[in-house]
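Residue numbers for the sequence shown, in the numbering used here: 23 to 146. Note that the Cβ used here is the ideal one computed from N, Cα and C, for glycine as well. Remember, it's a predicted structure, so these values are computed and weren't measured experimentally.
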Amino acid sequence: MSKLSPSHIVLGKGTFGTAYKAVLEGGMMVAVKRLKDVTVSEPEFREKIEFVGAMDHQNLVPLRAYYYNKEEKLLVYDYMPMGSLSALLHGSLQKILWWLVLHLSLSLYGACESIFKPDMVQGG
């Protein structure tokens with residue numbers, strides 16, 4: 023994958039970094055999250071990323087790849103053309119039917135419940 027540059031489309035900025043839309047050499051579009059302020063060893067990073075990568079739920083975008091070096095850490099996900107839930111809710115909430123908001127809320131609850139099951143919580 024080529025280096026991320028200002029020509030890549032910024033999808034959003036969050037607590038853990040910036041997400042970009044990128045196109046791979048074969049033409050496949052992906053979302054790349056450039057992590058910021060991550061100061062962990064490569065083995066610890068690999069362990070946490072493998073845990074995230076093993077999560078499987080209909081409301082989670084699967085992690086496809088990651089890149090680690092001392093200066094930069096990247097996570098690669100499938101690109102979702104409909105945008106983020108945050109953009110949908112904060113951008114045009116008035117246009118969404120309330121039953122859809124309820125459905126999304128219940129779906130998110132299910133995803134969070136599967137992520138934060140007591141047997142999946144790791145101490146640290």
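(request) Identify every residue that forms a DSSP beta bridge with residue 37. (result) Looking at the DSSP assignment, residue 37 forms no beta bridge with any residue, so it has no partner.
(request) Using the DSSP secondary-structure output, state which residues sit across from residue 100 in a beta bridge. (result) Beta-bridge partners of residue 100 (DSSP): 52.
(message) Please classify residue 87 as buried or exposed, where buried requires at least 16 neighbouring CB atoms within 10 angstroms.
(response) So residue 87 ends up on the exposed side.
(request) Give me the Cα-Cα distance between residue 37 and residue 48, rounded to the nearest whole angstrom. (result) Going by the C-alpha atoms only, they are around 31 Å apart.
(message) According to DSSP, simplified to helix, strand and coil, what is residue 45?
(response) DSSP places residue 45 in the strand class (E or B) of the three-state scheme.
(request) Have a look at residue 43 and residue 70 and give me their C-alpha separation to the nearest angstrom. (result) Taking the straight line joining both Cα atoms gives about 23 Å.
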